[in-house]
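Visitor: Could you have a look at this structure, given as structure tokens, before my questions?
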Amino acid sequence: MNVVLLVEDDVALRWMIHASLRDDDVEILEAGSGEEALRVVANAQPDLVVLDLGLPGIDGLETLRRLRGVSAVPVVVLTVRDALADKVAALDSGADDYVVKPFESEELAARVRASLRRSAPPLPATQVFRTGELHIDLRQRLVTWGGVPVGLTKIELRLLEMLLEDRGRLLTHDELLDGVWGSRPRGGGHERLRVKMVHLRRKLHDDAAHPRVIFTEPGLGYRWIAEVEEVEEVEELPVAGGGPVATEPPAG
Ligand code: CA
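Position one of the sequence shown corresponds to residue 10 (the working numbering), numbered consecutively onward.
Rendered as structure tokens:
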């Protein structure tokens, strides 16, 4: 049973969201203000918080900042259309995802389910993934497309790893920069990141204009969108030309 705290002052909208999240496996708590939300989090320790940014009293962003001081609970933020600065501020303040108002209740429900899945105790980490022609073996650090090895640089591989391991979630520019370069390169590094992402995309045969693998959230970051099949065992790869040399002698 997951406990979801819904923070929204608009009672009609709260009711609508409540109805869309209703599920045998979810208990929904409600709060109409940031102050109330902080009290509920302290007392009930929910598994996820849906937080509207437009709240009376302390606003959603301030609520989020205070919340992050005491809890790592996943937070999905509700924000109005085109308020890019708000989205960036929310993600920088520790939101895990955001949904833009007006939204379809199914979309929010799907985001909530995805966040809950991500925050669930990790399953044994699969290291080998397949999507379409793309085959990614993180353990061997081997990526092939159509059976042909794709030569990735260390940075490209790290970006791929981060996106893949957190697939579905928006990874912000800052998260990716921190994850790849550790400390931030001079000048913010956003252009450097963008260039690396162009190279990575090209090597994965993905197209920024019609993305199937990596989706760009303009001004925010990147999201892995491809459906991925997790391959339990390392398979014999039909590696064409180059690639690691098989160490086992041929059978027979
Ligand atoms: Ca509101």
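For each residue, glycine too, the CB sits at the ideal point set by N, CA and C.
When DSSP builds the beta bridges, which residues end up paired with THR181?
Guide: Beta-bridge pairing links THR181 to GLY230.
Visitor: What's the call for PRO111, buried or exposed, on a 16-neighbour Cβ count within 10 Å?
Guide: Its Cβ having fewer than 16 others within 10 Å, PRO111 is exposed.
Visitor: Less than 7 Å between the C-beta atoms of ASP216 and ILE223, yes or no?
Guide: Their beta carbons are not under 7 Å apart, which means ASP216 does not touch ILE223 by this criterion.
Visitor: Taking buried to mean at least 16 other C-beta atoms within 10 Å of its own C-beta, is GLU244 buried or exposed?
Guide: Residue confidence for GLU244 is low, a pLDDT of 49 falling below 50, so the modelled location carries little weight and cannot support an answer.
Visitor: Identify the continuous alpha helix (DSSP H) that holds ASP95 and give its terminal residues.
Guide: First-last of the alpha helix (DSSP H) with ASP95: 93-101.
Visitor: My understanding is that ASP56 touches VAL12, with C-beta atoms under 8 Å, so please give their C-beta distance in whole angstroms.
Guide: At roughly 5 Å, the Cβ-Cβ gap stays under 8 Å, so ASP56 and VAL12 are in contact.
Visitor: Of the residues LEU38, ARG178 and ARG167, which one's Cα is nearest the Cα of LEU229?
Guide: Checking every option, the nearest Cα to that of LEU229 belongs to ARG178.
Visitor: Going by beta carbon distance, what residues of the same chain come within less than 8 Å of SER102, once the five residues before and after it are set aside?
Guide: Answer for SER102: LEU70, LEU73, ARG74 and ARG77, listed in chain order.
Visitor: To the nearest angstrom, report how far apart LEU30 and LYS205 are at their CA atoms.
Guide: Rounded to the nearest angstrom, the two C-alpha atoms are 38 Å apart.
Visitor: If we ignore side chains and look at the alpha-carbon of each, how far apart do GLY252 and LEU213 end up?
Guide: Per-residue confidence for GLY252 stands at a pLDDT of 45, beneath the threshold of 50, marking its modelled position as unreliable; no derived number is given.
Visitor: Is the beta carbon of THR140 less than 7 Å from the beta carbon of ALA218?
Guide: No. Outside cutoff.
Visitor: Just checking ASP284 against ligand 1 - is the residue's beta carbon closer than 6 Å to any of the ligand's heavy atoms?
Guide: The question about residue 284 has no answer here: the residues shown for the chain are numbered 10 through 261.
Visitor: ALA53 and ALA46 look like a contact to me (Cβ under 8 Å); what is the Cβ gap, rounded to whole Å?
Guide: Wrong, their Cβ atoms sit about 11 Å apart, outside the cutoff.
Visitor: Go through its chain and collect everything with a Cβ distance to LEU125's Cβ below 7 Å, but skip five positions before and after it.
Guide: So the list reads ASN11, ASP56 and LEU57, once near-sequence residues are dropped.
Visitor: In the DSSP output, which residue or residues are listed as bridge partners for ASN11?
Guide: VAL35, per the DSSP bridge assignment.
Visitor: Please state if the CB of VAL16 and the CB of ASP61 are separated by a distance shorter than 7 Å.
Guide: Yes. Within cutoff.
Visitor: For LEU57, report the span of its alpha helix (DSSP H) as first-last.
Guide: Where LEU57 is concerned, there is no enclosing alpha helix (DSSP H), although the beta strand (DSSP E) it sits in stretches over 57-61.
Visitor: Would ASP106 pass as a contact of ARG120 if the rule is Cβ separation under 7 Å?
Guide: Yes.
Visitor: Considering only the beta carbon of each residue, do GLY43 and GLY66 sit closer than 7 Å?
Guide: Contact: yes.
Visitor: In terms of residue numbering, what span does the alpha helix (DSSP H) encompassing ILE67 cover?
Guide: First-last for ILE67: undefined, no H or E at that position.
Visitor: At a threshold of 6 Å, does GLY63 count as lining ligand 1 (C-beta to nearest heavy atom)?
Guide: Yes - ligand 1 has a heavy atom lying nearer than 6 Å to the Cβ of GLY63.
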